[in-house]
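Asker: Numbering-wise, the UniProt record's numbering puts 198 at position 198 of the sequence shown, and it's gapless, one number per residue.
Ideal Cβ placement from N, Cα and C applies to all residues, glycine included.
Got a structure here, written out as structure tokens. Questions coming.
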Amino acid sequence: MRRARNVLGRVPHTAPLVLLVGGALADAFGPRPYFGLPLLSCAPLLASMVSTFRVCALYALAACGTAAGMAVAAHREPTAVVTDVLAVLLVGLVGLWIKWFVDRQQDDLTAVQDVAEAAQRAVLPAPPESVGPVTIADRYVAAQVGAAIGGDLYALQETPFGIRAIIGDVRGKGLRAVSAVSVVVGAFREAAEHMPTLHELAERLDRALDREGGRRQDTLDDIEGFVTALLVEIPPGGGSVTLLNRGHPPPYLVREGQVTCLEPAHPELPLSTGLGRPARRVAETLPFAPGDALVLVTDGVTEARDARGVFFDATRDLAGITPRHPCELADALIAAVTHWTGGQRQDDLAVLVLLHEEPGREGPETA
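In structure tokens form, the structure reads like this:
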């Protein structure tokens with residue numbers, strides 16, 4: 001279906017006119033009568049695919065008029081003239097019905113997509129533009145055509161412990177992945193306010209996924225399996241950032257134009273693997289000074305490949321950027337990935353950027 005839409009998208013809007021003129025010329029100079037009649041009939045049919053209903057109706061009338069004029073000019077019998085016009089009119093009416101039907105279906109599809117997008121955004125609401133000294137930007141590009149979100153997730157909120165954020169990736173795609181996203185985001189928003197450490201927060205997410213997976217087991221609404229996640233905590237006032245990585249691609253720290261990939265010192269299993277709870281290692285705490293930016297990504301970034309199969313390297317494309325606003329980093333990263341892959345995506349892509357604003361420095365107003 002997508003390939004058919006792409007082909008139709010390349011058909012020029014002047015194509016029906018070419019058929020109309022070609023039919024008239026073929027009828028006038030063709031080797032036998034009625035030689036151009038099929039081309040005249042095809043003009044309103046093609047117009048129903050590339051033009052509006054009104055334009056399609058005009059092509060149908062023009063085709064009928066051209067058929068009548070050519071028949072009269074050729075001194076055909078009156079019955080032949082009527083037959084020619086009725087034949088072209090019948091095909092034109094079919095074209096108009098097709099156009100009406102397609103437009104009605106498109107309106108219904110648009111309404112369904114609007115409802116679906118609203119529901120998806122309720123599952124994954126946009127984070128605030130700023131919390132304290134930290135400004136935030138987010139970008140999400142779903143791999144599935146027509147979807148606003150897929151299996152990637154992120155959330156951020158202000159808590160008594162400071163800013164807490166999560167970025168994650170559910171194994172799989174489609175509605176089951178979105179179902180798992182809703183479980184993780186909902187559990188995070190509730191538990192982030194109360195759990196004193198990131199380890200306890202991760203354990204709460206683990207339990208929520210296990211509980212929901214058990215409840216929906218062997219049903220059509222069964223949720224997907226494990227979830228990779230990166231948990232982030234920035235204390236009130238900033239100055240440091242604490243990271244707990246549960247099998248997720250590492251974040252990037254952008255500092256004075258230099259980019260560092262923050263690989264975890266103690267890698268841990270993803271959430272809800274069913275392999276037992278990981279040992280409680282100390283979460284990693286790093287300096288997070290004014291001007292620093294933390295770029296959280298999903299594997300749609302780290303596993304993006306070019307035509308030769310070479311993986312994308314974010315450290316190369318983010319180097320040299322000293323952002324005034326997190327949008328600059330988010331947009332630069334999305335553009336770089338799109339250029340690297342040639343616009344082809346096999347996986348969802350999510351980016352969450354946290355920028356520690358420098359005192360007295362103002363960035364753009366919108367994210």
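(1) Could you name the residues of the same chain whose beta carbon sits closer than 6 Å to that of T219, not counting the 5 residues immediately before and after it, in chain order?
(2) Identify whether P323 lies in helix, strand or coil by the three-state DSSP scheme.
(3) Is it buried or exposed, T66, if we count other Cβ atoms within 10 angstroms and call 16 or more buried?
(4) Tell me which residue opens and which closes the alpha helix (DSSP H) that T66 is part of.
(5) Using three-state DSSP, classify Q113 as helix, strand or coil.
(6) Whole angstroms are fine: how far does the CA of R345 sit from the CA of P267?
(7) Are at least three pairs of beta-carbons, each pair with one atom in the region 134-143 and one in the region 103-111, less than 8 Å apart?
(8) Buried or exposed: where does F101 fall if 16 or more other Cβ atoms within 10 Å of its Cβ makes it buried?
(9) S41 and G92: beta carbons closer than 9 Å?
(10) Taking the beta strand (DSSP E) that V259 belongs to, which residues open and close that run?
(11) Does V178 pass the burial test, meaning 16 or more other C-beta atoms within 10 Å, or should it be called exposed?
(12) Among L198, K99, G237 and L355, whose alpha-carbon lies nearest the alpha-carbon of R164?
(13) Give the C-beta separation of G320 and E233 to the nearest angstrom, bearing in mind that I take them to be a contact with Cβ-Cβ under 8 Å.
(14) Could you name the residues of the same chain whose beta carbon sits closer than 6 Å to that of V131, not counting the 5 residues immediately before and after it, in chain order?
(15) With a CB to CB cut of under 6 Å and the five nearest residues on each side skipped, what residues in its chain are close to V141?
(16) For R139, list the residues DSSP reports as bridge partners.
(17) I'd like the list of long-range same chain contacts for F53, defined as Cβ closer than 8 Å, with 5 residues on each side in sequence excluded.
(18) Ordered along the chain, which non-local residues of its own chain (more than five positions away) have a Cβ less than 8 Å from that of A202?
(19) From the DSSP secondary-structure annotation, give me the bridge partner or partners of P287.
(20) Taking just the CA atoms, how far does Q113 sit from R171?
(21) How big is the Cα-Cα spacing for V337 and R308?
Answerer: Well, looking at it:
(1) Note that T219 scores 42 on pLDDT, short of 50, meaning its location in the model is unreliable; the coordinates nonetheless yield the value given after this. Contacts found: none.
(2) coil
(3) buried
(4) F53 to A73
(5) helix
(6) 27 Å
(7) no
(8) exposed
(9) yes
(10) Q258 to C261
(11) buried
(12) L198
(13) 29 Å between Cβ atoms; not a contact.
(14) E158 and I163
(15) L349
(16) V351
(17) L96, K99, W100 and D103
(18) A229, L231, L244, R246 and L271
(19) S240
(20) 24 Å
(21) 14 Å
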